[in-house]
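Number of protein chains: 2
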Amino acid sequence: MEYRLALIGLGVVGQGIVEILTNERNSLQESYDIDLKVTAISDIRKGSVYDPEGIDLKQILDLVKEKDCIDDYIGGVKGWDSLKTIRESNADIVVEATETDIVTGEPGLTHMLTSIEHGKHVVTTNKGPLSLASTKLLDRAAEVGVHLRFEGTVLSGTPALGLATQHLAAAHIIAVHGIVNGTCNYILTEMEKGLTYDAALKQAQELGYAEADPSADVEGLDSLAKIIILANTLLGGNLNKDQVDCKGISEISREDVEAAKENGRRWKLIATAKVVNDNAIEAHVRPKKLPLDDPLAAVTGATNALTYETRYLGNITIIGPGAGGLETGYAILHDILDIHKKLREQ
Amino acid sequence: MEYRLALIGLGVVGQGIVEILTNERNSLQESYDIDLKVTAISDIRKGSVYDPEGIDLKQILDLVKEKDCIDDYIGGVKGWDSLKTIRESNADIVVEATETDIVTGEPGLTHMLTSIEHGKHVVTTNKGPLSLASTKLLDRAAEVGVHLRFEGTVLSGTPALGLATQHLAAAHIIAVHGIVNGTCNYILTEMEKGLTYDAALKQAQELGYAEADPSADVEGLDSLAKIIILANTLLGGNLNKDQVDCKGISEISREDVEAAKENGRRWKLIATAKVVNDNAIEAHVRPKKLPLDDPLAAVTGATNALTYETRYLGNITIIGPGAGGLETGYAILHDILDIHKKLREQ
Chain A
19 MEYRLALIGL GVVGQGIVEI LTNERNSLQE SYDIDLKVTA ISDIRKGSVY DPEGIDLKQI
79 LDLVKEKDCI DDYIGGVKGW DSLKTIRESN ADIVVEATET DIVTGEPGLT HMLTSIEHGK
139 HVVTTNKGPL SLASTKLLDR AAEVGVHLRF EGTVLSGTPA LGLATQHLAA AHIIAVHGIV
199 NGTCNYILTE MEKGLTYDAA LKQAQELGYA EADPSADVEG LDSLAKIIIL ANTLLGGNLN
259 KDQVDCKGIS EISREDVEAA KENGRRWKLI ATAKVVNDNA IEAHVRPKKL PLDDPLAAVT
319 GATNALTYET RYLGNITIIG PGAGGLETGY AILHDILDIH KKLREQ
Chain B
19 MEYRLALIGL GVVGQGIVEI LTNERNSLQE SYDIDLKVTA ISDIRKGSVY DPEGIDLKQI
79 LDLVKEKDCI DDYIGGVKGW DSLKTIRESN ADIVVEATET DIVTGEPGLT HMLTSIEHGK
139 HVVTTNKGPL SLASTKLLDR AAEVGVHLRF EGTVLSGTPA LGLATQHLAA AHIIAVHGIV
199 NGTCNYILTE MEKGLTYDAA LKQAQELGYA EADPSADVEG LDSLAKIIIL ANTLLGGNLN
259 KDQVDCKGIS EISREDVEAA KENGRRWKLI ATAKVVNDNA IEAHVRPKKL PLDDPLAAVT
319 GATNALTYET RYLGNITIIG PGAGGLETGY AILHDILDIH KKLREQ
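Chains A and B, in that order, give the protein sequences. First residue of the first sequence: 19, per the working numbering; consecutive thereafter. First residue of the second sequence: 19, per the working numbering; consecutive thereafter.
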């Protein structure tokens, strides 16, 4: 089966999926009988190309590398903005990989709603729209009869959502908690090695883990967006960010880390969502001192992890990358393959 | 859709799936549009019942609890042995949950082959047949057009195989290693707390983790069977047990454990399979001193874990139960739901 993809956003993640598709096109045809053809790319800074017959991805990667711009692409139509690309391209699947805005959800939210209204499946790695409006998006997609997938919004390509929805749902997930922000985890790991909070943050910034304004990470807002996605899409919650207590790691001192270590414990920023007595869903983000025999305590550096508490299996933990271009790009491929499976079931 | 199940083996695992089906029948109909009806049960010690209209599972559980025997079941036909049950019952899916024999694979191997020849799907938790003859079984199932699923042969209900086949395959798994025997891991954990090997083994036996003859666990043979299943069904290997170096934990002393601890390391029995240079598959089972920042080092007690090494995601680790009646019973439900999905795709 052939799918035509429109790629909205050509940042680190967009380039990741382009690289994977460049490498894997033949092997995907052999293994999954699926031909993935990118016919449109639109990025607000790097430019846009539309070619209904399929874009040469190798040329795109070379242009991005050399010029950080795809305007010189040979062939295709140039200059379509994201909404024109979504509306007028021949894509079956829109890949939404623009930057996350957890306050407005834009521009991703409008991109996704427009895609759905135009009968196009959506795959996204953008946390903003899903944390703000997952119910609206999923309901509307179901009404229209298109699929919406968002594995890459949590733990990048680590298939934490797929594991839960496809393998643990029948075991009844009653809670989920974990480390969903690699920057905070990196900082806490470095503090345990002896750095102060400020020095560890500076190091995270130098390595590209943390932004110049690190507040979305260190104050827990990125974790907040992710736990809302987990709570609302896996546990049936309907939470918004004002209903979730959120505390980050910026007040944890070197002394706090040392004191925990002496007591056989380790600070981690933990995001939690659980079904409470009356079937309501409760969630929060806060630093916790975990005992060292908790599998999450051993998750160090920028790695992420989630533990699902289930009725029949007890705790199931998945550990893997939480960021990265190829890693998050893989989430997009994962979701396209999942949509392909679903379409074959119909 | 209705499925009729024949349950071969009513030990701890068989009782586990019976209990789950008793609890979940209505919820499975609602969530998956699937009606699971057990029409036959055959156990070499506890007796057998066949009722083409469906067996009352509550009555079965009560009889097993009270009499360890189902001969007094009210209704149905009694006395069918396992092969007659497989051949002549109206089951669509045969659930093979007899005891593992890793030398001959019997009686599970004959049960599975007979099921396949009679056009019945097979779900199993029995490691013997899969570790000895996975290629033969899977090839024959494909020829006949039935499905064979075996999630419960590795890490009980922890969906380690489902994670790999359905979510990591496109990321290219190049190796897998982990803790696949809970008894050994329990013993090593207790030794680190101060027990000798013999005392820890005795404790594992008292808790029911280890058999009176513990050699299959402590000499690594159980891990060997599991790594062969992983190597041959996930990595495309064709290994038999003579091609896999296997060393257990019986020679590890209290002093060894203490010395590792002093060096910031921890002994674990690790089973490994990997793709080597010429695309051959290599596997072994041996105790290893892991650094404490390896996620597997933090897996304590009877818990199991596997780390998949992949091209696009790096390492993905899943941690969960490795044994237990309900836990392994859940693997059977998981596999039936997976077959249901596959049948809907066709």
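C-beta: ideal position from N, C-alpha, C; glycine also. The structure displayed is predicted, hence computed values, not measured ones.
| Asked | Found |
| --- | --- |
| Look up His129 of chain B in the DSSP assignment and say whether it is helix, strand or coil. | helix |
| Can you tell me which of B:Thr57, B:Thr40, B:Lys279, B:Ile35 puts its alpha carbon nearest to the alpha carbon of Lys211 of chain B? | B:Lys279 |
| Taking 8 Å as the threshold (beta carbon to beta carbon), is Thr201 of chain B in contact with chain A? | no |
| Would a C-beta distance cut-off of 8 Å place Asp106 of chain A and Thr142 of chain A closer than the cut-off? | Asp is not the amino acid found at residue 106 of chain A; the sequence shown has Glu there. Not in contact: Glu106 of chain A and Thr142 of chain A (Cβ atoms no closer than 8 Å). |
| Taking 8 Å as the threshold (beta carbon to beta carbon), is Leu352 of chain A in contact with chain B? | Checking the sequence shown, residue 352 of chain A turns out to be His, not Leu. With 8 Å as the cut-off, His352 of chain A counts as an interface residue toward chain B. |
| Does DSSP classify Tyr204 of chain B as helix, strand or coil? | helix |
| Note down, in chain order, every chain B residue with its Cβ under 9 Å from the Cβ of Ala316 of chain A. | Leu310, Asp311, Asp312, Pro313, Leu314, Ala315, Ala316, Val317 |
| Please identify, using Cβ separations under 8 Å, the residues of the stretch 215-233 of chain A that lie next to chain B, in order along the chain. | none |
| How many whole angstroms separate the CB atoms of Thr57 of chain A and Ile73 of chain A, which I take to be in contact at a CB cut-off of 8 Å? | 6 Å |
| Along chain B, which residues have their Cβ under 7 Å away from the Cβ of Leu79 of chain A? | Residues of chain B passing the Cβ test: none, with the nearest at roughly 16 Å. |
| Note down, in chain order, every chain A residue with its Cβ under 8 Å from the Cβ of Glu363 of chain B. | Lys359, Arg362, Glu363 |
| Return helix, strand or coil for Glu237 of chain B, following the three-state DSSP convention. | coil |
| Going along the chain, which residues of the stretch 47-69 of chain A sit with their C-beta nearer than 8 Å to a C-beta in chain B? | Ser49, Tyr50 |
| Going by beta carbon distance, what residues of the same chain come within less than 6 Å of Pro70 of chain B, once the five residues before and after it are set aside? | Thr57, Asn108 |
| Gly163 of chain B touches chain A at which residues, Cβ-Cβ below 8 Å? | Those within 8 Å of Gly163 of chain B in chain A number zero; the least Cβ separation is about 17 Å. |
| Taking only the alpha-carbon atoms, compute the straight-line gap between Asn41 of chain A and Lys96 of chain A and give it to the nearest angstrom. | 25 Å |
| Just the Cα atoms here: how many angstroms apart are Asp240 of chain A and Asn199 of chain A? | 7 Å |
| Throw me the rounded Cβ distance for the Gly338 of chain B and Ile197 of chain A pair, which I believe falls under 8 Å. | That belief does not hold up - the Cβ atoms of Gly338 of chain B and Ile197 of chain A are roughly 17 Å apart, past 8 Å. |
| Could you compute how far the alpha carbon of Ile267 of chain A sits from the alpha carbon of Cys202 of chain A? | 7 Å |
| Assign Val332 of chain B to one of three DSSP states: helix, strand, or coil. | One detail in the question is off: residue 332 of chain B reads as Gly in this sequence, not Val. In this structure, Gly332 of chain B counts as strand in the three-state DSSP scheme. |
| Quick one: residues in its chain with C-beta nearer than 6 Å to the C-beta of Ala24 of chain A, no 5 flanking neighbours on either side, listed in chain order? | Ala58, Thr103, Ser107, Ala109, Val112 |
| With a threshold of 8 Å between beta-carbons, can Leu23 of chain A be considered close to chain B, or not? | no |
| Residues of the stretch 133-165 of chain B with a CB closer than 9 Å to any CB of chain A: list them in chain order, please. | none |
| Quick one: grab the DSSP three-state call for Ser174 of chain B. | coil |
| Pairing CB atoms from the stretch 237-255 of chain B with CB atoms from the stretch 295-302 of chain B, are three or more of them under 8 Å? | yes |
| Please name the residue in B:Gly29, B:Leu186, B:Ile88, B:Pro177 whose C-alpha comes closest to that of Glu117 of chain B. | B:Gly29 |
| In chain order, what residues of the same chain lie with their CB nearer than 7 Å to the CB of Ile336 of chain A, ignoring the 5 residues before and after it? | Thr176, Ala178, Leu181, Ala323, Leu324 |
| Indicate whether the contact test is met: 3 or more Cβ pairs, each with one atom in the stretch 139-153 of chain B and one in the stretch 310-319 of chain B, closer than 8 Å. | no |
| Which residues, in chain order, does the stretch 176-194 of chain A contribute to contact with chain B at a C-beta distance below 8 Å? | Thr176, Pro177, Gly180, Leu181, Gln184, His185, Leu186, Ala187, Ala188, Ala189 |
| Where do the N-terminal and C-terminal ends of the alpha helix (DSSP H) with Ser271 of chain B fall, by residue? | No alpha helix (DSSP H) holds Ser271 of chain B; DSSP gives it neither H nor E. |
| My understanding is that Thr318 of chain A touches Thr207 of chain A, with C-beta atoms under 8 Å, so please give their C-beta distance in whole angstroms. | 5 Å |
| Note the first and the last residue of the continuous alpha helix (DSSP H) segment covering Ala349 of chain B. | 343-363 |
| Taking a cut of 8 Å between CB atoms, which residues from the stretch 99-120 of chain A lie near chain B? | none |
| Closest Cβ-Cβ distance between Pro339 of chain B and chain A: below 8 Å? | yes |
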